[in-house]
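Numbering (this note's numbering), first residue to last: 1183 to 1406.
The beta carbon of each residue, even a glycine, is placed where N, CA and C say it ideally should be.
Heads up, the thing below is written out as structure tokens.
And the structure:
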């Protein structure tokens, strides 16, 4: 669990890996406007374990409740008319060891770390979901659009140039190469996605043309 996240309207506004981001207003994880947002912090280990609640309380206009870690969710429930849709929750079955690089370019070590965080954040964003991460911090999130390329454009606008050579995650496959063209224009250097599109080869070719690294996970997220 990342140490800090900021959320509003059921979406993440930003998530960060680095403990030093906690409590610093200028470094709060942000991937879009979040007036009236909810800031959450996991319990860091080591020297920051006792600091996190204290530094969060120092943020102006903040109420800081504490709670136990959530339990393991057994089912995901959605109401439909007079009934319920019961689904299994997203279990993050695939791990980095299961992922497959499908492009000529390999992700750098920093990009691997950002890809893993982007993939986790993406799971909690409503589909069609796109997340941009750079240096352990989500800097752009595109959520809930009817087509994927619009989510890419929203994430790019929110990143505002902060994702240069960073990572992008998509909760489902890219159906067309226009998504990759937009990612390249936004400065993204590495992409993680499930794969499985009829146009995978077209999308991979686009990534190679732009010099992007692309990783297939073999599983998808699908939050609605």
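| query | result |
| --- | --- |
| To the nearest angstrom, how far is it from the Cα of residue 1312 to the Cα of residue 1291? | 21 Å |
| Does the separation of the CB atoms of residue 1365 and residue 1334 fall below 8 Å? | yes |
| For residue 1204 and residue 1348, I'd like the C-alpha separation in whole angstroms. | Below a pLDDT of 50, predicted positions are generally treated as unreliable, and residue 1204, at 47, falls in that range; the measurement from the model is reported next regardless. Using only the alpha carbons, I get a separation of about 21 Å. |
| For residue 1303 and residue 1263, I'd like the C-alpha separation in whole angstroms. | 30 Å |
| Spatial neighbours of residue 1344 within its chain, please: C-beta separation below 7 Å, excluding the five flanking residues on both sides. | 1316, 1321 |
| Let's see if you can read the secondary structure: which residues bound the beta strand (DSSP E) around residue 1312? | 1312-1316 |
| If contacts are defined as beta-carbon pairs under 8 Å, then residue 1399 and residue 1373 qualify, I think. What distance do you get, rounded to the angstrom? | Between residue 1373 and residue 1399 the Cβ distance is about 11 Å, and since that is not below 8 Å, they are no contact. |
| What residue does the beta strand (DSSP E) around residue 1375 start on, and which one ends it? | 1372-1375 |
| Assign residue 1211 to buried or exposed, taking buried as 16 or more other Cβ atoms, counted over all protein chains shown, within 10 Å of its Cβ. | Residue confidence for residue 1211 is low, a pLDDT of 47 falling below 50, so the modelled location carries little weight and cannot support an answer. |
| Quick one: is the Cβ of residue 1335 within less than 7 Å of any heavy atom of the ligand NAD? | The ligand content of the structure shown is nil, which means the ligand NAD is not present either. |
| Let me know the secondary structure DSSP gives residue 1260 once reduced to three states. | strand |
| Rounded to a whole number of angstroms, what is the C-alpha to C-alpha distance between residue 1390 and residue 1259? | 40 Å |
| If you reduce the DSSP assignment to three classes, tell me which class residue 1209 lands in. | Low confidence applies to residue 1209: its pLDDT is 46, below 50, so where it sits in the model is not reliable, and the reading given next is rough at best. Note: residue 1209 maps to helix in three-state DSSP. |
| Any idea what DSSP makes of residue 1275, helix, strand or coil? | coil |
| Leaving aside the five residues before and after residue 1392 along the sequence, list all residues of the same chain whose C-beta is less than 7 Å from its C-beta, in chain order. | 1362, 1366 |
| From residue 1377 to residue 1267, what distance separates their C-alpha atoms? | 26 Å |
| Quick one: residues in its chain with C-beta nearer than 8 Å to the C-beta of residue 1300, no 5 flanking neighbours on either side, listed in chain order? | 1313, 1314, 1315, 1320, 1349, 1350, 1351, 1374 |
| Just the Cα atoms here: how many angstroms apart are residue 1261 and residue 1404? | 17 Å |
| What do you get for residue 1265, buried or exposed, if any count of 16 or more other CB atoms within 10 angstroms of its CB means buried? | exposed |
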